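Scroll down for the structure; my scribbles are underneath it.
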Amino acid sequence: MDLDPRGAIAQRIPLIARFRPACLPLPERIQSLVELARSAADRVDQGSASAVFNQAALLASDLDLPDLANRWCHQHAAAYLHACPLPGMSAIRALEPIVNLARLHIRAGRANDGHTHLLSLYNAVCSGTACDFGTITVPAQLTRTEEDHNEVRAWLWRVLLADGTRALTATGRWDEALTHVQAHRGVGSRMLDGRQVAVIAALTQRDTAQAARLIVETAPGEPWEQQITLCLNVLRKRTDGKAKEADLEDLANSYTEDGPSGHGMTVFDIRHGLTILDLIENAENPHARRLAEDLYRRTMHALDGYAAREITSDPLFTTAATSPQIDSCHALIQRCGLNTRNLNQPDHALVSRALTSSSNVIHRSLAP
């Protein structure tokens, strides 16, 4: 069976166990942001103050308020860039909102703009030249020392591999994504972003032999990497018409027996489980029904709106799950405010005060 380069399975790749805070119901999420801002002010903690800005921009994006997210990203960058040259970690925090602007492009379906934005930022920082992003200017002298510069460049390289690749795969451009990864020496030996892209790029071309070589030659990594390697191997077999029921049973059993990966990994867990469900293909299969039950349980335990949105967007899940389960997921999505295009005035005021406080913390932390 051919692998659809824009299909559900391909669009979840790369599957990487990166920390992602849960999308909690909106009142809890705003309260958490306010408390983080208070803690940052009490301790004059630059890192926590930056986290407030990042979380606020993500909140606005989740509510489908991109202009508000854009404005808060600009405020975040301005809090740092006036004080250049910066220490390495502060320079990274200054660039985080600029990376977030690229992510806003990608979320809005402007993948080319997002990819170009990231490449421009990476090339400017690596070459030590100034670069403009709207009203934001990243100066040539961003960092204080060569060591600081190397730290920032290494961080941006990782961002470029992850987000730059995602900008291309989001539109099914797997050959270009592989070229991008290879150009930045990112294929690697472990089953991380680059190697996963290489496997999918091979499978979209029905080059199952190349996919098999990549899988067999993968270096062992964390347990989750091995689970994703097994998934990709079954996907390879399916593309070759050789997947067996026992392969699918093993994947489903391993997933349900292992349980959740831990705090901040719910979205990764859910996407992993949905990939197995989509490999099974048949919602009437007992393993599919067991997986759907497990996915629902993990989602509701975490109270994660992102997870609820993921599973209710999957036709196999909505076929295998019960009507009350689906209704509960939609209710959670509503409680989280996802895509509601609304942030009421009291909540907007709370977030704005948190950002003002956090901006003051950043300025104080950078004062001579």
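In terms of the numbering used here, the sequence shown opens at residue 170 and continues consecutively.
In this text, a Cβ means the ideal position worked out from N, Cα and C, and glycines have one as well.
Predicted model, so just to flag it, every value in this text is computed and none were measured.
Of the residues assessed, ASP473 falls on the buried side of the cut-off, its CB having 16 or more other CB atoms within 10 angstroms. The beta carbons of THR340 and ALA280 sit closer together than 8 Å.
VAL307 carries a strand assignment under DSSP once its states are collapsed to helix, strand and coil.
Less than 8 Å separates the beta-carbon of SER528 from that of GLN244.
Around the beta carbon of ASP231, a 10 Å sphere encloses 16 or more other beta carbons of the protein chains shown; the residue is thus reported as buried. The three-state reading of DSSP puts THR491 in coil, since its state is none of H, G, I, E or B. The DSSP assignment places complete alpha helix (DSSP H) segments of no fewer than 4 residues inside the segment 445–505 at 455–471, 474–481, 484–489, 492–505, in order along the chain. One thing to note: THR444 has its Cβ within 8 Å of the Cβ of ILE178. Setting aside the 5 residues that flank it on each side, ARG276 is surrounded in the same chain by SER230, each with a C-beta closer than 7 Å to its C-beta; the list follows chain order. Distance between ARG187 and MET360, taken at the CA atoms: about 14 Å. Assigned with DSSP and collapsed to three states, ASP214 falls in coil, not helix or strand. Looking at ALA461, ARG272, LEU202, the one whose alpha-carbon comes closest to that of LEU446 is ALA461.
CYS192: not part of any beta strand (DSSP E); DSSP gives it neither H nor E. Partner residues in the beta bridge of LEU255, as assigned by DSSP, are THR312. For ASP301, the enclosing beta strand (DSSP E) covers residues 300–302. For ARG181, the enclosing alpha helix (DSSP H) starts and ends at 177–181. Distance check between ALA209 and each of VAL385, LEU524, ARG407 places LEU524 closest, using alpha-carbon atoms only. In the DSSP assignment, HIS353 falls outside any alpha helix (DSSP H), carrying neither H nor E. With a beta-carbon spacing of about 17 Å, PRO308 and LEU270 fall beyond the 8 Å limit used to define contacts. Using a 10 angstroms sphere on the CB of CYS505, the tally of other CB atoms reaches 16 or more, which defines it as buried. Closest in alpha carbon position to ALA336, among ALA220, THR435, VAL350, is VAL350.
With distances taken between CA atoms, ALA238 lies nearest to ARG510 out of SER526, LYS406, ARG510, HIS532. Within the segment 374–425, the runs of alpha helix (DSSP H) that reach at least 4 residues and sit entirely inside it are, in chain order, 377–385, 392–408. By the CB criterion at 8 Å, GLY257 and GLU204 fall outside the cutoff. Under the three-state reduction of DSSP output, SER430 falls in the coil class, being neither helix nor strand. In the three-state reduction of the DSSP assignment, ASP236 falls in the helix class. About 14 Å separates the Cβ atoms of HIS456 and ALA490, ruling out a contact at the 8 Å cut-off. In terms of Cβ geometry, PRO183 and VAL366 form a close pair [threshold 8 Å].
When GLN310, ILE305, ARG522 are compared, the shortest CA-CA separation from CYS295 is found for GLN310.
Counting only residues of its own chain and dropping the five nearest sequence neighbours on each side, GLN379 has a CB closer than 6 Å to the CB of ALA371. Just so you know, the alpha carbons of HIS441 and PRO537 end up roughly 47 Å apart. Pairing ILE480 with LEU501 gives a Cβ-Cβ distance that is not under 8 Å. Between LEU399 and LEU448, the C-beta spacing is not below 8 Å.
Judged by DSSP secondary structure, THR338 falls within the alpha helix (DSSP H) whose first and last residues are 334–338. In this structure the segment 375–395 does not lie against the segment 206–225, because fewer than three pairs of beta carbons, one per stretch, are closer than 8 Å.
The Cβ neighbour count for PRO174, taken over all protein chains shown within 10 Å, is at least 16; the residue is labelled buried.
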